[in-house]
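Undergrad:
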Amino acid sequence: MARNIAAEYRRGGMGDFLRLAAGDLDTARREARPDVDRAALAGALRAYHRDLGTLDRAAEAALERLAHPESRVVVTGQQAGALTGPAYSVHKGAGAALLARSLDAEDAPVVAVYWVASQDHDAEEVASTTLLDFSETLHRLALDVPAGVPVGRVPWRAEWTAQVHALLDAFDAPAGQVAAVRARFEKATAAGGSYADVFARLIHGLLGGAGLLVLDPLHPALARLMAPALARELADPLASSARIEDAAERLLAQGFAPQLRRPPGATNLFVEEEDGQRRLLRTEGQGFRSETRAYTRAELLALLDADPTRLTPAAGLRPAVQDALLPTLAFVVGPGEIAYGAQLREVYPLHGLQQPLLWPRLSVTWLEPNVTRLLSRLGASAAEVQADAAGVLGRALARERGAAALSAGRLDTLTRELDALTGEIAALDPTLIGAAERTRSRTVGRVAHLQRLAAAALARAENDRSGQLTRLQKHLLPNGVPQEREMNFLTYLLKHGDTPLRLLLALEPGWSGSVEIP
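In terms of the working numbering, the sequence shown has 483 at position 481, counting the first letter as 1, and numbering is strictly consecutive.
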């Protein structure tokens, strides 16, 4: 099994691949960014928020601080998911706001920015979301988002509004709290706009008051500021790909699985073509080619000058383009993005930059009162249930019934006995050491497997009677996926009002664990 890049980074490793060690805020704060035109950046963001309809007092205050000549940014971002998408989309924004707040100073303001991935065209990843009501009914919202088109180009549709209304009408939760979430949604859709605009307004509504600024890279004023970085990439379009591939090979040599691979000729640039589809550019001789047509460098530069929103970065370039635009102090990321980052350190110098500090995002599992009670009875944590829900329930039932055969202690006793027996046999005949060790390993493994089968059988029988396993899985493993990667954060506002949001914004930056909702 490949080594885990994010886990190694959090333990203080990955120094060969990531420029700053985990948590090294002191170094990150000392590094100035005099190259950023903060007045132009704040002006472009003000134009975006004005067009989005979110230029309120909180946004104005954040923009004023961003325009300060010594300002820095804590940035995070996510794809524009349906109704904010999985809960970690909101957790990331809250984590950026919390970290920025902890670092903010009058003479060196730190502002949180949420990069809405409006350029992304993977409809399957953003078109659906899951919510759970008080009747333990999982509601699945699935919107017909067109494939291959940047979500910032997809107009919000009336039928999607109707689908959301139907979900809210069917959702079993207090009427007042459903009405409050409905009002958030109505405010986000009232001005129309794109699929990404609705996502951005929802994020702003939740976290704007905490100082978070949303940013859409497809907004013309912002895209114009990013054009120089894309022009630099066009000048040597395979340099970043070569550095990503070099890092991939070095990761493989150390037992890691690289997240990014760049096949021969692949650049880190996409072009949005006349049919609205976003397609990867490859080199072809001295020019470029998408799936449909050839381009010269001059043609792409002319396109970039005429409409800078139509040339966009791939995953291997996007962080560098982001940090060419922003005076980034720290980048709040999830485990997958840390793995991406391990291949991007040497891409930054191609744009006259240094890779910023990567800060692990908040990781929150929400425990509603009924789940808290059930976990207490089972003597288990949410993480243990997510790792083996049937095993947790089965072992708890075995303890209640005094079935010692399923206990860890019983297996430990057997292991110790076999260890002793193996040692004694080896002492009598050293040639039997290998066979004795293999027998011991197989025996312990098979008994452990039998214990798991028996625990699962107990859990299934109890679930048939009480539904406890199903309830745990719906809350903590909806659709078989860990909660924060599947459940929509609005689930908790619909059932518990704004309490979960207040609890989220009271956490420490980078916090990880379970939060009980009272």
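Ideal placement from N, C-alpha and C gives every residue a C-beta, glycine not left out.
Is there contact between the region 337 to 344 and the region 14 to 34, where contact requires at least three CB pairs shorter than 8 Å?
TA: The region 337 to 344, when compared against the region 14 to 34, does touch it at the 8 Å Cβ threshold.
Undergrad: Enumerate, from N- to C-terminal direction, the unbroken beta strand (DSSP E) stretches of 3 or more residues contained entirely within the region 381 to 438.
TA: Fully enclosed beta strand (DSSP E) runs of 3 or longer: not present.
Undergrad: Which partner residues does R284 have in the DSSP bridge list?
TA: Per DSSP, A268, R291.
Undergrad: Give me the Cα-Cα distance between L170 and R284, rounded to the nearest whole angstrom.
TA: If you take the alpha carbons of L170 and R284, they lie about 45 Å apart.
Undergrad: Pick from T314, T269, L262, A508: whose alpha carbon is nearest that of S339?
TA: Rather than Ser, the amino acid found at residue 339 in this sequence is Glu. Nearest C-alpha to E339: L262.
Undergrad: According to the neighbour-count rule (16 or more other Cβ atoms, all chains shown, within 10 Å of its Cβ), is E426 buried or exposed?
TA: Its Cβ having fewer than 16 others within 10 Å, E426 is exposed.
Undergrad: Judging by CA-CA distance, which residue of I246, V156, L327, F258 is the nearest neighbour of L355?
TA: For the residues I246, V156, L327, F258, the minimum Cα distance to L355 belongs to L327.
Undergrad: For P260, count neighbouring Cβ atoms within 10 angstroms of its own Cβ and tell me buried if that reaches 16, exposed if not.
TA: Buried, since its Cβ has 16 or more Cβ neighbours within 10 Å.
Undergrad: Considering only the alpha carbon of each residue, which of L271, D277, Y350 lies closest to A317?
TA: Considering only alpha carbons, the answer is L271.
Undergrad: If I follow the unbroken alpha helix (DSSP H) through A229, where does it start and stop?
TA: Element bounds for A229: 222 to 237.
Undergrad: DSSP three-state call for V183: helix, strand or coil?
TA: It is helical.
Undergrad: Have a look at L302 and L236 and give me their C-alpha separation to the nearest angstrom.
TA: The straight-line gap from Cα to Cα measures roughly 8 Å.
Undergrad: Figure out for me which residue from E293, E488, G45, A175 has the closest Cα to the Cα of R67.
TA: The option with the nearest alpha carbon to R67 is G45.
Undergrad: Judging by CA-CA distance, which residue of L85, L100, D106 is the nearest neighbour of E127?
TA: The candidate whose alpha carbon is nearest that of E127 is L85.
Undergrad: DSSP three-state label for Q453, please.
TA: Three-state result, Q453: helix.
Undergrad: So, with DSSP's three-state summary, where would you put Q279?
TA: In the structure shown, Q279 sits in coil (DSSP, three-state: anything other than H, G, I, E or B).
Undergrad: Once DSSP output is grouped into helix, strand and coil, what is the label at S91?
TA: It is helical.
Undergrad: Which residues share a DSSP beta bridge with S196?
TA: Paired residues: P157.
Undergrad: Throw me the rounded Cβ distance for the V349 and L313 pair, which I believe falls under 8 Å.
TA: Not really, about 17 Å apart at Cβ, beyond 8 Å.
Undergrad: Go through the region 309 to 356 residue by residue and report every complete run of the alpha helix (DSSP H) that reaches 4 residues or more, in order.
TA: Listed in chain order, they are 320 to 327, 337 to 343.
Undergrad: In angstroms, rounded to a whole number, what distance separates the CA positions of S91 and S468?
TA: Computed Cα separation, rounded: 33 Å.
Undergrad: So the candidates are A250, A41, Y197, H167; which of them puts its Cα closest to the Cα of D146?
TA: It is Y197 whose Cα lies nearest to the Cα of D146.
Undergrad: How long is the line joining the alpha carbons of Q165 and D277, rounded to whole angstroms?
TA: Q165 and D277: Cα-Cα distance of roughly 28 Å.
Undergrad: Which residues mark the beginning and the end of the alpha helix (DSSP H) in which R527 is found?
TA: Past the edges of the chain, shown from 3 to 520, lies residue 527, and the structure says nothing about it.
Undergrad: Which residue wins for smallest C-alpha separation from S137, given the options V517, P358, D37, N372?
TA: When each option's Cα is compared against that of S137, the closest is N372.
Undergrad: Identify whether W513 lies in helix, strand or coil by the three-state DSSP scheme.
TA: In the structure shown, W513 sits in coil (DSSP, three-state: anything other than H, G, I, E or B).
Undergrad: If contacts are defined as beta-carbon pairs under 8 Å, then F201 and L496 qualify, I think. What distance do you get, rounded to the angstrom?
TA: Actually they are not in contact, since the Cβ atoms of F201 and L496 sit about 18 Å apart, beyond 8 Å.
Undergrad: Between the Cα of D509 and those of W361, R32, V366, spot the shortest distance and give me the residue it belongs to.
TA: Position check: residue 509 holds Leu in this sequence, whereas Asp was assumed. Answer by Cα proximity: V366.
Undergrad: Is there contact between the region 61 to 77 and the region 111 to 128, where contact requires at least three CB pairs shorter than 8 Å?
TA: Because the criterion of three Cβ pairs below 8 Å is met, the region 61 to 77 and the region 111 to 128 touch.
Undergrad: What are the boundary residues of the beta strand (DSSP E) that includes L217?
TA: Looking at the DSSP string, the run of the beta strand (DSSP E) that includes L217 is 214 to 217.
Undergrad: Use the C-beta contact count for M228: other C-beta atoms within 10 angstroms, 16 or more gives buried, fewer gives exposed.
TA: That one is buried.
Undergrad: Give the C-beta separation of A60 and P337 to the nearest angstrom, bearing in mind that I take them to be a contact with Cβ-Cβ under 8 Å.
TA: Actually they do not touch by this definition, with Cβ atoms about 30 Å apart.
Undergrad: I519 to Y494, Cα distance in whole Å?
TA: Going by the C-alpha atoms only, they are around 9 Å apart.
Undergrad: If I follow the unbroken beta strand (DSSP E) through R142, where does it start and stop?
TA: Its beta strand (DSSP E) spans residues 140 to 144.
Undergrad: Which term fits A24, buried or exposed, when burial requires 16 or more other beta carbons within 10 angstroms of its beta carbon?
TA: When all chains shown are included, A24 counts as buried.
Undergrad: Taking the Cβ atom as the reference point for each residue, do G332 and G396 lie within a distance shorter than 7 Å?
TA: The sequence shown places Ala at residue 332, rather than the Gly named in the question. No; because the gap between Cβ atoms is not below 7 Å, this pair is not in contact.
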